[in-house]
Amino acid sequence: MFYKQEIGSIKKPDYLTRTYMKMEFNSLKKKALEETIKMMESAGLDNIGIGGEMYRWEMYEHPVDHLDGFVYYGKVRSFDNRYYKKASIVGPIKRKSSAYIEEFLDAQQIANKDLKIPITGPYTILDWSFNDYYGKRIDIGYDLAKVIREEIIDLKNNWQRNDVLRIQIDEPAASTHPDEIPLFVEIFNETVKNLNDIKISSHICYSKDYRTLYPEILEMKTTQLALEFSNRDLLELGTDDDSRKGFSIIKDLVDYGESREIGIGVIDVHTDFIEPPELVKDRILYVSKFYDIDKIVINPDCGLRTRSREIAYRKLISMVEGTKLAEKEIGK
Amino acid sequence: MKKMLVSGIFPRSDELVKKINRFEQKRDTLESLIYTFEMDERFWIERQKGLSYVSEPALSWNDIFRPFTLNLENVEAGPLTRYLETNTFFRRPIIKNIPEKKGSILEWKNELGLPFIFDKKLKNILPGPYSFLKVSEIKVDIGREILLDKLAEIIFSEAKNFDIVEFREPFIQDLEDLKKAAEIYSTSSFNGYVFTNLFSNTFPDFPLPYALKTENTVDITDGIIVKKIDVFSTKVEDFSEKYDFPITTNESLEFLPFKIAILKVDFMKNYLVVE
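Line by line, the protein sequences give chains Z and U. Per the numbering used here, the very first residue in the first sequence carries number 27; after that it's consecutive. Per the numbering used here, the very first residue in the second sequence carries number 155; after that it's consecutive.
So this is what it looks like as structure tokens:
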């Protein structure tokens, strides 16, 4: 059986979105968490992440709001008319409070399926911030690695289940600066150094070219890379190279020596098009031809927060159905 | 006399961002949106008075290629693509056949129905044809040279509407790129003042001054401009050294939060006054 997992965020229910920056947000977020976990479990996922990140407004702002040393001067464009609050580092980075523990404890109570806690990685926070304080980027990276590591240790100390604690470190900025890949790997490894009994995975998305991460990324202390491919793939059915242009790059990663678990994004999160299960199946079968099937994990390209909850649900169902079709064909 | 000018797209105010969101959610009218948009436009134009050149802020542009990806026949706005080494994304142009013009750029509108405002007397930006083609996904079996010539023809013909044009070529990243782009510009029939913002930040220390002049054009930078105003830092510059070259921002001002962008423009004006 292929392991089917969510990657991160799901759009919040309207009743929660309307309470942004208001006190009511705190009283409604657990309700939204329960509803989202139920939705993800009913879609048939094996792993529901942290239930769509209902306690977090945004993957960058959320951890930064729990750190000292940052100040916001305003927003900058992400794309089109989508803007994000980009903080400036104006002092030494220190941990103010836990960014994840409350959500983590609540999700453990509610969820029946496996959990995987997404955490914004140090390199991404570094790269997505203005730096008005530190002399060198590596110094920012080490201070961020320290505070995120403390956060992970806190989570470990509050893990109440018998299965292994899964932490997914999100690093969408990993490939932004090709000349900084060694820096990215160094900071990542510093973050997870000697964290035994925790399954560390990493999610990297919307890379210009994943090949630029190699060979340095082979040194990254992670058990799984969850990557995005469907965004670049065709919608036609087929399991040949021409049909699966978005996934053929995985062959190059294998040539570089990649053999860890790979979470393949079989659902495009930037379109409302519901991938038919047959397309999901073909995407999985294509990768299965040249990657160890026991190391293939199934997930969407990224968090589905840009889609409506209904579309996200239908996409997840299609992902699960397509995975079952692939399993049947492979005899897995 | 030294020159100071801002390059690229300017940041939208929080109010304009909110207004666009409300309009997209059908909670506000186009008329109301246009009012806020024009207020922002006027704000930036007024704020720049004192700089060597006042730039049209291009607030309706969602990225530097968008007017053309939206308004050319056989070209579409494609998937989100990272803009250089930033956390901002543009819609990659998809070229499905030889691009053709649909009317004049002066009549084009963006996705929301906002006009792409150009002012003959201000510095207006246009995408450079070389970068446009370089980042495009080409889905037609036609030689790149033919497509480049066609894009250049379209873009240069639109440039004739204005006195001063900043051709943005952020994807010129090495000498080979530069040579190819220079050839296109040298054969252009554009007649006026140009500011070819040539070099990306991944290639900041280009060793040669390079003015893309033709018989009819004058490069307002004489081929060199110092990208001294850092849009990737919120710390406002406080240098007072004199430079022999014109000074501008190292990328679009829109990479800064609105209120920091204002402070940087003010610094640029004050620098000229002190000088």
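Here a beta-carbon is modelled for each residue, glycine too, at the ideal position from N, C-alpha and C. Please read all numbers here as calculations on a predicted model, not as lab measurements.
| D217(U) versus E84(Z) - alpha carbon distance | Rounded to whole angstroms, D217(U) and E84(Z) show a C-alpha spacing of 23 Å.
| task | My understanding is that T146(Z) touches D196(Z), with C-beta atoms under 8 Å, so please give their C-beta distance in whole angstroms. | result | About 5 Å separates the two Cβ atoms, so the contact holds.
| How is the alpha helix (DSSP H) around S285(U) delimited, first residue to last? | For S285(U), the uninterrupted alpha helix (DSSP H) segment begins and ends at 283–289.
| query | Hey, how far is the Cα of P148(Z) from the Cα of V211(Z)? | reply | Each residue's Cα considered, the two are about 10 Å apart.
| said: I'd like to know whether the C-beta of G100(Z) is nearer than 8 Å to at least one C-beta of chain U. | reply: Taking Cβ atoms only, chain U reaches closer than 8 Å to G100(Z), which makes this a yes.
| message | I want to see whether chain U comes within less than 8 Å of D196(Z), judged by CB atoms only; does it? | response | No, no contact with chain U.
| If you compare alpha carbons, which of D169(Z), L330(Z), Y312(Z) is closest to L353(Z)? | It is worth fixing the name first, because residue 353(Z) is Glu in this sequence and not Leu. Of the candidates D169(Z), L330(Z), Y312(Z), the one whose C-alpha sits nearest the C-alpha of E353(Z) is Y312(Z).
| Distance CB(G77(Z))-CB(A125(Z)) smaller than 8 Å | Contact flag unset, no.
| Since F105(Z) meets chain U, which of its residues come closer than 8 Å, beta carbon to beta carbon? | Within chain U, the residues whose beta carbon sits less than 8 Å from that of F105(Z) are N216, D217, L234, T242, F243, F244, R245, listed in sequence order.
| said: Buried or exposed, going by whether 16 or more other CB atoms sit within 10 Å of the CB of D194(U)? | reply: By the 10 Å Cβ count, D194(U) comes out buried.
| request: Report yes if the C-beta of A200(Z) is less than 7 Å from at least one heavy atom of the ligand COA; otherwise report no. | output: In the structure shown, the ligand COA is absent, as is every other ligand, since no ligand is present at all.
| Segment contact, 8 Å Cβ cut-off, at least three pairs: the segment 48–64 of chain Z with the segment 92–101 of chain Z | With a cut-off of 8 Å on Cβ pairs, the segment 48–64 of chain Z is not in contact with the segment 92–101 of chain Z, counting fewer than three such pairs.
| In this structure, what does DSSP give as the bridge partners for K203(U)? | K203(U) is bridged by DSSP to L205(U).
| query | Which of the three DSSP states, helix, strand or coil, is assigned to G100(Z)? | reply | G100(Z) falls in the strand class under three-state DSSP.
| Buried or exposed by the 16-neighbour rule on C-beta atoms within 10 Å, applied to P361(U) | Here P361(U) scores only 40 on pLDDT, less than 50, and its place in the model is too uncertain to base an answer on.
| request: Express the C-alpha separation of S228(Z) and M246(Z) in angstroms, rounding to a whole number. | output: Taken atom to atom, the span from the alpha-carbon of M246(Z) to that of S228(Z) is near 9 Å.
| said: Beta-carbon within less than 6 Å of F412(U)'s beta-carbon, same chain only, minus the 5 sequence neighbours each way: which residues are those? | reply: Result list for F412(U): P165, S167, in chain order.
| field | Validate contact between the segment 266–274 of chain Z and the segment 215–226 of chain Z using beta carbons, cut 8 Å, 3 pairs | value | Cβ pair count under 8 Å is below three, so no.
| query | Under 8 Å between the Cβ atoms of S114(Z) and D158(Z)? | reply | With a cutoff of 8 Å on beta-carbon distance, S114(Z) and D158(Z) are scored as near each other.
| Quick one: Cα of T297(Z) to Cα of F421(U), how far? | Spanning the two alpha carbons is a distance of roughly 43 Å.
| Three-state secondary structure (DSSP) of G348(Z) | It is helical.
| query | Nearest to E284(Z) by alpha carbon, out of K38(Z), R270(Z), L221(Z), L239(Z)? | reply | Of the candidates K38(Z), R270(Z), L221(Z), L239(Z), the one whose C-alpha sits nearest the C-alpha of E284(Z) is L239(Z).
| query | For V116(Z), which three-state DSSP category applies? | reply | Three-state DSSP puts V116(Z) in a strand.
| request: With a threshold of 16 other CB atoms inside 10 Å of the CB of E291(U), please say whether the residue is buried or exposed. | output: Result: exposed.
| Since D153(Z) meets chain U, which of its residues come closer than 8 Å, beta carbon to beta carbon? | Residues of chain U passing the Cβ test: N241.
| field | Integer Cβ distance of I319(Z) from T349(Z), believed to fall under 8 Å | value | That pair is no contact at about 12 Å.
| field | Alpha carbon of L253(Z) to alpha carbon of P208(Z), nearest angstrom | value | L253(Z) and P208(Z): Cα-Cα distance of roughly 19 Å.
| message | Taking the alpha-carbon of Y207(U) as reference, which of D398(U), N278(U), G297(U) has the nearest alpha-carbon? | response | Looking at the Cα atoms, N278(U) is the closest of the given residues.
| query | For T223(U) and chain Z, any beta-carbon pair shorter than 8 Å? | reply | False, the Cβ-Cβ gap to chain Z never drops below 8 Å.
| Leaving out five residues before and five after I300(Z) in sequence, what residues of the same chain have Cβ atoms less than 8 Å from its Cβ? | Cβ neighbours of I300(Z) beyond the five flanking positions: I337, R340, K341, S344.
| Under the rule that 16 or more other beta-carbon atoms within 10 Å means buried, what is V292(Z), buried or exposed? | The C-beta of V292(Z) has 16 or more other C-beta atoms within 10 Å across all chains shown, which makes the residue buried.
| Alpha carbon of E200(U) to alpha carbon of K112(Z), nearest angstrom | Answer to the nearest angstrom: the Cα atoms are 26 Å apart.
| said: Between the alpha carbons of I290(Z) and D327(Z), how many angstroms are there, rounded? | reply: I290(Z) and D327(Z) have their C-alpha atoms roughly 7 Å apart.
| said: Against chain U, with Cβ distances strictly below 8 Å, would S269(Z) count as a contact? | reply: No - not a single Cβ of chain U is within 8 Å of the one on S269(Z).
| query | Beta carbon of Y110(Z), beta carbon of K120(Z): below 8 Å? | reply | No, Cβ-Cβ distance for Y110(Z) and K120(Z) is not below 8 Å.
| Is the Cβ-Cβ distance between G204(U) and K423(U) less than 8 Å? | In contact: G204(U) and K423(U) (Cβ atoms closer than 8 Å).
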